[in-house]
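The numbering of the sequence shown is the working numbering, which starts it at 162 and goes up by one. See below for the structure under consideration.
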Amino acid sequence: MLALGESLFADPRLSGDGARSCASCHDTRTNGADGRVRSLMPTGSDPPFNTPTVFNAALSYRLGWEGQFRTLEEQAESSLESPDVMGARVDEVVVRIRKDANLTRQFRSTFGRDPNRTDLLDALATYERSLLTPDSPFDRWLHGDTAALSAEELSGYETFKSLGCVSCHQGVNVGANLKQRLGVFHPLSTHRPEVLRVPSLRNVATTSPYFHDGSAATLHEAVRRMAKSQLDRTLTDGQIDQIVAFLRTLTGRYQGKPLRPATP
């Protein structure tokens with residue numbers, strides 16, 4: 162099923178116009194996103210959200226910037242049928258796939274039947290569950306490798322904790338397990354909504370630009386603005402450098418290679 166899901170993820174026939182695939186915005190060769198402030202929409206209009214990385218999405222308690230999806234299957238179905246994302250109808254996608262003899266054979270081999278809506282979404286979700294990026298330096302340090310982090314990175318981790326960043330960014334995904342109001346002390350963005358799912362910080366050094374609207378170009382800028390908005394703290398350059406050094410230790414590996422930023 163994994164191979165089938167991977168094939169479907171890269172198949173432009175899953176879009177309404179046949180011009181884009183899931184991989185068009187979620188590049189698993191780089192950072193699982195696309196490096197743009199906001200991805201281009203089929204309708205040509207300006208999308209409301211920056212594209213989040215697909216890596217480690219399976220570890221999130223909710224999916225989507227607003228946390229509106231409980232499962233990867235729900236999220237995949239919404240993305241396929243949204244005119245702002247893939248602009249397709251799942252039932253029409255199934256009809257297209259059934260015309261492909263090779264894909265139909267793969268569905269029969271995997272599920273014991275011809276392509277259908279449920280199995281299509283199941284295959285996509287199964288592939289997405291495999292997109293995990295373990296073995297970051299921080300992971301190795303947590304497993305007992307005391308040499309995995311430098312003194313500066315450890316200081317950054319202590320600063321990250323002492324300031325209260327861990328109130329929202331904690332757990333196996335270093336976030337993505339609760340919703341939070343944006344702009345607790347000071348406005349962070351003019352874009353709505355005000356309550357968002359806290360993003361994971363895994364691989365954050367590779368996923369610029371930042372925030373739901375892509376308005377922070379660099380990790381340093383994102384840390385500075387978040388501290389002011391959410392913690393009412395004005396950080397020194399030294400504190401920001403330390404935190405960024407720690408955040409860079411959260412970059413994991415996929416298929417044996419460290420993730421890297423995408424080219425917009």
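For every residue, glycine included, the Cβ atom is placed at its ideal position computed from N, Cα and C.
Item: Own chain partners of Arg257 with C-beta closer than 7 Å, once the 5 adjacent residues on each side are dropped; Value: Arg174
Item: Pick from Leu349, Phe299, Thr367 that is closest to His373, judged by C-alpha positions; Value: Leu349
Item: Beta-carbon spacing of Val255, Glu242 below 8 Å; Value: no
Item: Cβ neighbour criterion (16 or more within 10 Å) applied to Val356; Value: exposed
Item: Closer than 8 Å to chain C by CB, Asp296; Value: The displayed structure is made up of one protein chain only, and chain C is not part of it.
Item: Coarse secondary structure for Phe372, derived from DSSP in three states; Value: coil
Item: Option nearest Pro208 by Cα separation, candidates Asp172, Ala262, Arg353, Thr271; Value: Arg353
Item: N- and C-terminal bounds of the beta strand (DSSP E) containing Gln341; Value: 340-342
Item: Assigned secondary structure, Tyr288 (DSSP; H/G/I helix, E/B strand, else coil); Value: helix
Item: Whole-Å CB distance - Phe296 paired with Gly413, under 8 Å assumed; Value: The sequence shown places Asp at residue 296, rather than the Phe named in the question. With a Cβ gap of about 6 Å, Asp296 and Gly413 count as contacting.
Item: Where the alpha helix (DSSP H) through Val345 begins and ends; Value: It is not in any alpha helix (DSSP H) - Val345 carries neither H nor E in the DSSP assignment.
Item: First and last residue of the uninterrupted beta strand (DSSP E) at Leu357; Value: 356-358
Item: Test item: CB-CB of Val345 and Gln391 under 8 Å; Value: yes
Item: Neighbourhood of Leu285 by C-beta distance below 8 Å, restricted to the same chain and skipping five residues each side; Value: Gly166, Leu169, Phe170, Cys183, Leu233, Glu234, Ala237
Item: Reduced DSSP secondary structure (H/G/I, E/B, other) of Arg414; Value: strand
Item: Pick from Pro298, Thr424, Ala337, Thr395 that is closest to Gly228, judged by C-alpha positions; Value: Ala337
Item: Paired residues, beta bridge with Ala377 - DSSP; Value: Tyr371
Item: Within the stretch 199-273, ranges of the alpha helix (DSSP H) (whole runs, at least 4 residues); Value: 233-242, 251-259, 262-272
Item: Boundaries of the alpha helix (DSSP H) in which Gly166 is found, first to last residue; Value: 163-170
Item: Top-ranked residue by Cα proximity to Leu324, from Ala388, Pro298, Thr204; Value: Ala388
Item: Pick from Leu264, Arg190, Leu315 that is closest to Leu408, judged by C-alpha positions; Value: Leu315
Item: Assigned secondary structure, Pro419 (DSSP; H/G/I helix, E/B strand, else coil); Value: strand
Item: Identity of the residue in Ala262, Thr214, Leu310 nearest Leu293 by Cα; Value: Thr214
Item: Pair within 8 Å by beta-carbon distance, Leu163 and Ser291; Value: yes
Item: Three-way DSSP call (helix, strand, coil) for Gly336 in this model; Value: coil
Item: Extent of the continuous alpha helix (DSSP H) run through Thr320; Value: 312-324
Item: When Trp226, His381, Phe268, Arg181 are compared against Pro244, the one with the closest alpha-carbon; Value: Arg181
Item: When His330, Glu313, Leu220 are compared against Glu289, the one with the closest alpha-carbon; Value: Leu220
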